[in-house]
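Numbering (UniProt numbering), first residue to last: 1 to 288.
Here it is as structure tokens:
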């Protein structure tokens, strides 16, 4: 594995007596969403390997460290001399000391992030990092949001093409587009036209991202004046259609939708209702 590829890996630090189950579940979900980029000591240290050496090597080259903090995390440091061998303390002290390494507390089991004064010795700076909350009843949504943030932090692409092939393909697409298309002049915004385009694109995305779970969820497109999609999102706190991989697949495909450019609004929105019935029958209905 190249150094650049290692910089796109995620290190999960956890206390086995506090959050081993959630750590394992998180590792599996992130591997699926990010593409086999997670390091976790139980599964990723070979038998016979020198434990501390492997940990230090991974921490020196990874791009992000997730510190799982559960109900027994703070108490697990009580009675441990700071100089005694404690791999969780070692992992986090090493990570916090590295310039530019993304270190995020991940709160599980309903806990709050301890204040700096409550933190174990040497781990006070962890209290100043932005925390991520993973809730059992919203696990899929929360992990999907975490995965999106990690993609940005690690500068991941969803598809990686060889540079030459990508350059040739882009050049061909641009040349073909220039020969056959001209940018239309902006006109007044047409909600009906925008809704029709959004409905057709969503129907195609659902067909391409099957199997779809059953559910009912509102979907919102926000368009910029040039006609490009500024943002596409599920406007619902909890909805099975948002869950990965289906939800991520749909949003990814809809992020490139375009409508004719308009000149009378700063931004325009189109709302749709997505309904997937048992058996996979899908309906896409524009909102008024």
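Backbone N, C-alpha and C fix where the C-beta goes; we use that ideal spot for every residue, glycine too. Bear in mind the structure is a predicted one, so any value in this text is a computation, not a measurement.
Spatial distance of residue i from residue j (CA atoms)
| i | j | result |
| --- | --- | --- |
| residue 103 | residue 76 | 20 Å |
| residue 33 | residue 147 | 7 Å |
| residue 123 | residue 19 | 18 Å |
| residue 286 | residue 195 | 6 Å |
| residue 236 | residue 149 | 19 Å |
| residue 132 | residue 188 | 42 Å |
| residue 92 | residue 252 | 34 Å |
| residue 59 | residue 12 | 10 Å |
| residue 220 | residue 245 | 19 Å |
| residue 310 | residue 109 | This structure leaves residue 310 out entirely; the chain is present only between 1 and 288. |
| residue 63 | residue 262 | 41 Å |
| residue 36 | residue 15 | 22 Å |
| residue 265 | residue 140 | 36 Å |
| residue 101 | residue 278 | 45 Å |
| residue 239 | residue 217 | 6 Å |
| residue 143 | residue 242 | 12 Å |
| residue 113 | residue 121 | 15 Å |
| residue 276 | residue 234 | 14 Å |
| residue 186 | residue 267 | 13 Å |
| residue 95 | residue 215 | 41 Å |
Contact set for residue i: own chain, Cβ-Cβ below 7 Å, skip 5 residues either direction
| i | result |
| --- | --- |
| residue 284 | 199, 202, 203, 272 and 274 |
| residue 154 | 8, 63 and 64 |
| residue 206 | 212, 250 and 282 |
Residues that DSSP places opposite residue i in a beta bridge
| i | result |
| --- | --- |
| residue 217 | 274 |
| residue 283 | 275 |
| residue 232 | 221 |
| residue 203 | Its beta-bridge partners do not exist; DSSP assigns none. |
| residue 187 | 262 |
| residue 268 | 223 |
The ligand GDP heavy atom lying under 7 Å from the CB of residue i
| i | result |
| --- | --- |
| residue 259 | No copy of the ligand GDP appears in this structure; indeed no ligand is present at all. |
Sequence-distant residues of its chain with Cβ nearer than 6 Å to residue i (five each side left out)
| i | result |
| --- | --- |
| residue 197 | 259 |
| residue 116 | 124 and 127 |
Nonlocal neighbours in the same chain, by C-beta distance under 8 Å from residue i, ignoring five residues either side
| i | result |
| --- | --- |
| residue 209 | 245, 246, 249, 250 and 253 |
| residue 269 | 220, 221, 222 and 223 |
| residue 72 | 15, 17 and 18 |
Query raised in the report: Can you list, in chain order, the stretches of the alpha helix (DSSP H) that have 4 or more residues and sit fully within the UniProt domain "TIR" (6–154)?
Result: 16–34, 41–44, 51–61, 87–96 and 139–154
Requested in this report: Say whether the region 226–233 touches the region 123–143, bearing in mind that this needs 3 or more beta-carbon pairs closer than 8 Å, one atom from each stretch.
Outcome: no
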